[in-house]
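Here's the structure we're looking at; comments come further down.
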Amino acid sequence: MATMTMIQALNNAMDTMLAKDPDVLIFGEDVGYFGGVFRATDGLQKKHGITRCFDAPIAESGIVAAAIGMAAYGLRPVIEIQFADYIYPGYDQIVSEAARLRYRSAGDFTAPLTLRSPYGGGIFGGQTHSQSPEALFTHVAGLKTVIPSNPYDAKGLLISAIEDDDPVIFFEPKRLYSGRFDGWHEKPVETWSAHPASDVPEGYYNVPLGKAAIAREGQAVTVLAYGTMVHVALAAAEFAKIDAEVIDLRTLVPLDIETIVASVNKTGRCVVVHEATRTSGFGAELSALVQEHCFWKLEAPIERVAGWDTPYPHAFEWEYFPGPKRVAAALTRTLEA
Amino acid sequence: MKNPLMKNATSLSLRIPTPKARPGDPADLSHVNPPPAGETPRPDVSASAHDMRDMAFKLVRVLNDAGEAVGPWNPALDAQTLRRGLRVMLLTRAFDDRMYRMQRQGKTSFYMKSTGEEAIPTAAALALEKDDMCFTSYRQQAILFARDYPLVTMMNQIYSNAADPNRGRQMPVHYSAKQYGFFSISGNLATQVPQAVGWAMASAYKKDNRIACTFVGDGATAEGDFHQAMTFASVYHAPVIINVVNNQWAISSFQGIAGGDETTFAARAIGYGVPPLRVDGNDFLAVYGAIAWAAERARTNMGPTLIEHYTYRVEGHSTSDDPTRYRPAEEPRRWPLGDPVERLKQHLIVIGEWSDARHKALEKEVAEEVKTAAKEAEAIGTLGQSRPSVKEMFEDVYKEQPWHLRRQRQELGT
Ligand SMILES: Cc1ncc(C[n+]2csc(CCOP(=O)(O)OP(=O)(O)O)c2C)c(N)n1
Ligand SMILES: [Mg+2]
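Line by line, the protein sequences give chains A and B. For the first sequence, this note's numbering begins at 1 and goes up steadily by one. For the second sequence, this note's numbering begins at 1001 and goes up steadily by one.
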């Protein structure tokens, strides 16, 4: 065991897989010698060799497409898109190609690639370093979408993603890279070492895709969250003094519907939270599923707390970010309904 | 017997380009072999793209080591224009230094300098008409100085304060100034290049006489958008100047990662049938001459030009970057093409139109100008101290605010 931040755990996951499987290789903008703008691949080129971890031209479409070609050959490429906000030039290759290759060739060709990308707000990155575009990927048949919330899961889920035979979009909450940010932006951020999930085994292990975790058990209301918002939800429950059950989805597609349904059937209430814009966000899907599966057990309307339907504005970071106060207000409303 | 040319004669190996020197190595710029100033010929502006191919592998240079302007590309500018260019470059440098320091003091979130590259946007702005539209990246702030955009307004943008013309919505240095022929800067690389082509096509469609001028980094030429821009510019003979600012680095990636080891960036033009020019980007006169050449071509319906400006990014990529982690610390000082400010200063002195004393006075003058503007902007407020009203977060998403945004605004209580 070692104590790791999320960025160290991700680095360690890639280190582990480079050592374990010669077909794993990593490329992306600035990931080689430099080790990535967030240091996720720090030291990997030096340790594993230049053809295992190298810089790519600034061409997201090319990065995704090259990974598809490599995956079709039989490799397991792990690519980094420097910020989720810069994924769009690669969108056609992801949606029309990677996602459908297995289907259109009836399994003749597959694209077992992993696309890692930092996402989410809270860093004064304005509209081009703060977005949460997960719903653009969960909407696409053939893709898996994974979002960890702590170092232990980050490593285990990334290893599962790399070993998965389908393309996986792996969004990393950059606000959690170096500390456990819970949305109280005026307070100092808790270090990861203070959190049990920073105990990370150094060798190989995995956290299976498609399994949620219960971040906090409770009876009063179920909160569905992922990424940074797991910690915001925990802070909100504490702030509102509400016995919420916080579910960390970990994988959005395929979704762990059993865990969600069992929890909502128990609590009878549900609040869905995400940083992404509200309209057509993943919360809409969650809300519809809960309604379909738990309608007769629901005692209050399902609430959604999400980013406003605007681009992410530089000057209004904390009005935009759905922090603990907004989540707490929704929890309270749900209990009063 | 097996044909040695058949497969498996030797096994394949994957090539990954690497720069000549990394931290700890001595800087190695032996591949930079600039020809003497004045040597590169100047074709007629009506030359065909086919006849211009060689220009992709030459280097347009006007200022020689002695500070004299020589050869066919000398734009023969009057002393007043030269001094104006020097002033804009010095102002840019003073502004960059100040705003960099402000970021370091926590007064804003981010800043990007253009140190060493000031001649390119400055000479371009002076060679263009004021109403030609510029579609830039984040490193051509000098265009705004050259067009007398108020410094204080730029600072207000950097601080996202109550007087920010972008209303707090953009990260620092993402200016927008339509009245000054300056298109809204995007954080997404290379997107502006095909947009500039479209603007130029519109100008041609309207039988206007304005042209478009766009700038993209060496690294960002790898994006599909750059190549689409080249195709559209070529197909429609768009009146546009496409400038590749090859400053050798794209964050930590040397230009070889963008394909610069195999050929020049100017040579990209050849495949599209667009005339290329390759210019010493630290030579104010050479840049001016090249832009003037391309502008004349565009204005006379002869279509686009691709110009590679060969230069060097002297500072880090941005305030978030530490370049000593990936390149030798001494590399910027070793750049063989010198400093654009020093070279223009030397030239003005050589022609008897400048002196060290006047230069010092000018440096002081621009520093004062920056300081005065900074006082004014800081009186309005730095990041977080002052900002537009929160309800403006919900404005300009659409022309009319739909019901759902109105409701979200009310929920936030603004
Ligand atoms: C589409 C897109 N991908 C990635 C980035 C992140 N990024 C910002 S600047 C930069 C390097 C650009 O280098 P270059 O084009 O050479 O311009 P320079 O910074 O040297 O002026 C990168 C990778 C981005 N802004 N947009
Ligand atoms: Mg560059």
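Virtual Cβ for every residue (Gly too), placed ideally from N, Cα, C. Every value quoted in this text rests on a predicted model; they were computed, and no experiment measured them.
ask   = Going by the CB atoms, is the gap between residue 1196 of chain B and residue 1223 of chain B shorter than 7 Å?
value = Taking the first residue of the second sequence as position 1, residue 1223 of chain B is located at position 223. Taking the first residue of the second sequence as position 1, residue 1196 of chain B is located at position 196. Contact check for residue 1223 of chain B against residue 1196 of chain B fails: the beta carbons are separated by 7 Å or more.
key: Beta-carbon neighbours of residue 1253 of chain B, restricted to chain A and to distances below 9 Å   = Sequence index remark: in the second sequence, residue 1253 of chain B carries index 253 (1-based). Within 9 Å of the CB of residue 1253 of chain B, the CB atoms of chain A belong to 29, 30, 32, 33, 34, 55, 56, 57, 58, in sequence order along the chain.
inquiry  = Threshold first: 3 residues or longer. Then list the beta strand (DSSP E) segments lying entirely within the stretch 251-278 of chain A, N to C.
reply    = Look at the stretch 251-278 of chain A and you find these whole runs of beta strand (DSSP E), each 3 residues long or longer: 251-253, 270-277.
ask   = Does the distance from the C-beta atom of residue 1115 of chain B to that of residue 1159 of chain B stay below 7 Å?
value = Position 115 of the second sequence holds residue 1115 of chain B. Position 159 of the second sequence holds residue 1159 of chain B. Contact: no.
ask   = How is the beta strand (DSSP E) around residue 1133 of chain B delimited, first residue to last?
value = Taking the first residue of the second sequence as 1, we reach residue 1133 of chain B at position 133. Its beta strand (DSSP E) spans residues 1133-1135.
inquiry  = Considering only their Cβ atoms, is the gap separating residue 3 of chain A from residue 193 of chain A smaller than 7 Å?
reply    = Your numbering for residue 193 of chain A matches position 193 in the first sequence. Your numbering for residue 3 of chain A matches position 3 in the first sequence. Yes; because the gap between Cβ atoms is below 7 Å, this pair is in contact.
Rounded C-alpha distance that separates residue 176 of chain A from residue 1228 of chain B = As a first step, residue 176 of chain A must be located in the first sequence, where it is residue number 176. As a first step, residue 1228 of chain B must be located in the second sequence, where it is residue number 228. Rounded to whole angstroms, residue 176 of chain A to residue 1228 of chain B spans 37 Å at the Cα level.
task = Throw me the rounded Cβ distance for the residue 23 of chain A and residue 74 of chain A pair, which I believe falls under 8 Å.
result = Indexing the first sequence from 1 puts residue 23 of chain A at position 23. Indexing the first sequence from 1 puts residue 74 of chain A at position 74. The pair is a contact, with the Cβ atoms about 7 Å apart (cut-off 8 Å).
query = Should residue 1249 of chain B be listed as close to ligand 2, given that the test is whether its C-beta is under 6 Å from any heavy atom?
reply = Numbered from its first residue, the second sequence carries residue 1249 of chain B at position 249. At a cut-off of 6 Å, the beta-carbon of residue 1249 of chain B counts as near ligand 2: some heavy atom of the ligand is closer than that.
task = Would you mind telling me which residues of chain A sit closer than 7 Å to residue 1188 of chain B, beta carbon to beta carbon, in chain order?
result = As a position in the second sequence, residue 1188 of chain B is number 188, starting the count at 1. The answer, in chain order, is 86, 128.
task = Please confirm whether any heavy atom of ligand 1 lies closer than 6 Å to the CB of residue 58 of chain A.
result = For the purposes of this step, residue 58 of chain A is taken as the residue at position 58 of the first sequence. Result yes, Cβ under 6 Å from ligand 1.
key: Buried versus exposed, by CB contacts within 10 Å (16 or more), residue 1031 of chain B   = Position 31 of the second sequence holds residue 1031 of chain B. For residue 1031 of chain B, the number of other beta carbons within 10 angstroms of its own is below 16, and it is reported as exposed.
message = Restricting to Cα atoms, I'd like to know which of B:1340, B:1352, B:1283 is closest to residue 1061 of chain B.
response = Walking along the second sequence from the start, residue 1061 of chain B turns up at place 61. Here the closest residue by C-alpha is B:1283.
task = Counting only the same chain and skipping the five closest in sequence on each side, list residues whose C-beta sits under 8 Å from that of residue 1355 of chain B.
result = For the purposes of this step, residue 1355 of chain B is taken as residue 355 along the second sequence, with counting starting at 1. Contacts found: 1349.
message = Counting only C-beta atoms, is residue 50 of chain A closer than 7 Å to chain B at any point?
response = To locate residue 50 of chain A, count along the first sequence from 1; it is residue 50. It does; some Cβ of chain B falls within 7 Å.
message = For a test of your reading of the model: does the CB of residue 1219 of chain B fall under 6 Å from any non-hydrogen atom of ligand 2? Yes or no.
response = One-based indexing of the second sequence puts residue 1219 of chain B at position 219. Answer for residue 1219 of chain B: yes, Cβ within range of ligand 2.
request  = Tell me whether residue 1245 of chain B is buried or exposed, calling it buried when 16 or more other Cβ atoms sit within 10 Å of its Cβ.
outcome  = Taking the second sequence and counting its residues from 1, one reaches residue 1245 of chain B at position 245. With 16 or more other Cβ atoms within 10 Å, it is buried.
ask   = In chain A, which residues lie less than 8 Å from residue 1169 of chain B when you measure between Cβ atoms?
value = Translated into positions along the second sequence, residue 1169 of chain B becomes position 169. Near residue 1169 of chain B (Cβ distances below 8 Å), the residues of chain A are 126, 127, 311, 313, 314, 315.
inquiry  = If distances are taken between C-alpha atoms only, which option among B:1049, B:1023, B:1249 comes closest to residue 30 of chain A?
reply    = Numbered from 1 along the first sequence, position 30 holds the residue referred to as residue 30 of chain A. Comparing Cα positions, the closest option is B:1249.
query = At which residues does the beta strand (DSSP E) containing residue 1416 of chain B begin and terminate?
reply = The first residue shown for chain B is 1001 and the last is 1414, placing residue 1416 of chain B beyond what the model contains.
ask   = So does residue 86 of chain A have its beta carbon nearer than 6 Å to some heavy atom of ligand 1?
value = In the first sequence, counting from the first residue as 1, residue 86 of chain A sits at position 86. True, at least one ligand heavy atom lies under 6 Å from that Cβ.
query = So which residues on chain B does residue 319 of chain A lean against when the C-beta distance must stay under 7 Å?
reply = Within the first sequence, the letter at position 319 stands for residue 319 of chain A. 1390, 1393, 1412, listed in chain order.
ask   = Does the stretch 1050-1066 of chain B come within contact of the stretch 1260-1268 of chain B, defined as at least 3 CB pairs closer than 8 Å?
value = A contact exists between the stretch 1050-1066 of chain B and the stretch 1260-1268 of chain B.
task = Give every residue of the same chain whose Cβ lies closer than 6 Å to the Cβ of residue 1238 of chain B, excluding the five residues on either side of it in the sequence, and list them in chain order.
result = Within the second sequence, numbered from 1, the residue matching residue 1238 of chain B stands at position 238. In the same chain as residue 1238 of chain B, and ignoring 5 residues on each side of it, the C-beta atoms closer than 6 Å to its own belong to 1197, 1200, 1201, 1304, in chain order.
message = On the criterion of 16 or more Cβ atoms from any shown chain inside 10 Å, does residue 1 of chain A qualify as buried, or is it exposed?
response = For the purposes of this step, residue 1 of chain A is taken as the residue at position 1 of the first sequence. By the neighbour-count rule (16 or more Cβ atoms within 10 Å), residue 1 of chain A is not buried but exposed.
query = When DSSP labels each residue in this structure, what does residue 173 of chain A get in the three-state scheme?
reply = In the first sequence, residue 173 of chain A corresponds to position 173, counting from 1. Looking at residue 173 of chain A - three-state DSSP - the assignment turns out to be strand.
ask   = So, using beta-carbon positions, are residue 120 of chain A and residue 228 of chain A closer together than 7 Å?
value = Locating residue 120 of chain A in the first sequence gives position 120, where the first residue counts as 1. Locating residue 228 of chain A in the first sequence gives position 228, where the first residue counts as 1. In contact: residue 120 of chain A and residue 228 of chain A (Cβ atoms closer than 7 Å).
message = Can you tell me whether residue 156 of chain A sits near ligand 1, meaning its C-beta is under 6 Å from at least one heavy atom of the ligand?
response = Along the first sequence, one-based indexing puts residue 156 of chain A at 156. Not under cutoff, so the answer is no.
inquiry  = Any beta carbon of chain B sitting closer than 7 Å to that of residue 96 of chain A?
reply    = Numbered from its first residue, the first sequence carries residue 96 of chain A at position 96. Residue 96 of chain A does not count as touching chain B.
task = Would you list, in sequence order, the uninterrupted alpha helix (DSSP H) runs of no fewer than 4 residues that lie entirely inside the stretch 29-81 of chain A?
result = Runs found: 44-48, 60-73.
inquiry  = Can you check which of these residues, B:1277, B:1209, B:1352, is closest to residue 1299 of chain B by C-alpha distance?
reply    = Taking the second sequence and counting its residues from 1, one reaches residue 1299 of chain B at position 299. With respect to the C-alpha of residue 1299 of chain B, the residue from B:1277, B:1209, B:1352 having the closest C-alpha is B:1209.
key: Interface residues of the stretch 1219-1231 of chain B facing chain A [CB-CB below 7 Å]   = Result list: 1219, 1220, 1222, 1223, 1224.
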